[in-house]
Amino acid sequence: MNDNMEKVKSRQKKYYDKSAKPLPPLQQGDTVRIAPPGYDKGWKRGTIAMEAGVRSYIVDKDDGTQIRRNRKHLRKVNEPTASCSHQTNIEDDETQSS
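The numbers in the UniProt record's numbering rise by one with no breaks, and the one at position 88 of the sequence shown is 88.
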């Protein structure tokens with residue numbers, strides 16, 4: 001029975017590995033979207049605070065909380081963090097009033 005189980009596992013691995021690709025690592029400060037748990041639809045924005053393991057990261061969410069997430073639940077995005085966009089608006093207001 002163990003021999004049959006090994007064959008089944010080997011076959012599953014072969015088909016999984018055909019389309020599986022490694023995800024690129026994230027760097028501290030990268031802006032990411034965090035996959036919602038369960039059936040929620042809203043991806044939340046956050047910033048990578050630090051690497052917490054081989055595939056895990058500590059993420060600072062925009063609401064000020066920190067969470068640990070696996071890399072497969074994080075998507076790197078090219079959008080500014082909430083604090084950066086707020087700073088830009090302040091600078092724009094100052095230059096317009098001068």
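Glycine is no exception: its CB is placed at the ideal position from the N, C-alpha and C atoms.
From a predicted model like this one, the values you see are computed outputs, not experimental measurements.
- A Cβ-Cβ distance of about 6 angstroms is found for the pair Pro-36 and Gly-42, placing them in contact under the 8 angstroms criterion.
- CA-to-CA, the gap between Ser-56 and Glu-6 works out to about 29 angstroms.
- The beta carbons of Gly-46 and Ile-34 sit closer together than 8 angstroms.
- The Cβ neighbour count for Leu-23, taken over all protein chains shown within 10 Å, is under 16; the residue is labelled exposed.
- The Cβ-Cβ distance between Thr-31 and Val-59 does not fall below 8 angstroms.
- If you draw a straight line from the Cα of Lys-44 to the Cα of Tyr-16, it comes to about 29 angstroms.
- Across the set Ile-48, His-73, Lys-14, the C-alpha of Ile-48 shows the shortest separation from the C-alpha of Gly-64.
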